[in-house]
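Shown next, in structure tokens, is the structure this report addresses.
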Amino acid sequence: MSEKYWQATSRALFDSDLIATRITLAIGELMWAVMLIWPGESFARPTYTVMSHVTVEEAWAAIFMLSGVTQLAIVLLDDFDSRFARYFAGWNAALWIFVVVSMLISVYPPPAAVGGEIALAIAALWIFVRPFILSAGYRRAFRELI
1 MSEKYWQATS
11 RALFDSDLIA
21 TRITLAIGEL
31 MWAVMLIWPG
41 ESFARPTYTV
51 MSHVTVEEAW
61 AAIFMLSGVT
71 QLAIVLLDDF
81 DSRFARYFAG
91 WNAALWIFVV
101 VSMLISVYPP
111 PAAVGGEIAL
121 AIAALWIFVR
131 PFILSAGYRR
141 AFRELI
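Okay, structure coming up:
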């Protein structure tokens with residue numbers, strides 16, 4: 001692979017601020033909240049069996065609403081590097097991973113629409129782990145300078 005490819009990939013993964021990713025997560029979370037508040041029994045579907053054992057739809061709606069609003073607040077306040085934002089990133093990744101795994105456990109074969117949730121889970125996980133990778137890289141680069 002060419003050096004230009006690696007530079008472009010590195011820039012996309014590590015030199016971006018991930019604002020669009022966070023906004024996409026926020027929109028996804030807010031839409032989950034709206035769909036769970038919508039009249040009807042979403043959790044009557046087999047896809048949500050595991051989630052329904054954890055808590056009721058309205059509680060999940062509140063969790064997703066709070067998560068979406070928090071995600072937007074982090075973006076609007078430019079608060080990407082605070083301790084709170086980092087803890088939230090970990091919690092947010094755990095939320096999305098739990099949702100995806102619970103949906104995959106609940107039905108087989110998995111619904112095709114879960115692909116979007118898998119992408120959101122990966123995005124949330126990347127927002128959480130990226131600072132650790134960058135930190136390790138900075139430490140290594142600093143040691144090589146000394």
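The letter at position 3 of the sequence shown is residue 3 when you use full-length UniProt numbering, and the numbering goes up by one with no holes.
Virtual Cβ for every residue (Gly too), placed ideally from N, Cα, C.
Span of the alpha helix (DSSP H), counted from its first residue to its last, around E58
57 to 76 is the span of the alpha helix (DSSP H), which, as asked, contains E58.
Output the boundary residues of the alpha helix (DSSP H) element that contains A20.
Counting along the chain, the alpha helix (DSSP H) containing A20 begins and ends at 19 to 37.
Alpha carbon to alpha carbon, what distance is there between I23 and F80?
The alpha-carbon atoms of F80 and I23 are separated by roughly 13 Å.
According to DSSP, is P111 part of a helix, a strand, or is it coil?
Here P111 sits in coil by DSSP.
Delimiting residues of the alpha helix (DSSP H) encompassing T49:
Note, T49: alpha helix (DSSP H), 49 to 54.
Which of helix, strand or coil DSSP assigns to S106
Assigned with DSSP and collapsed to three states, S106 falls in helix.
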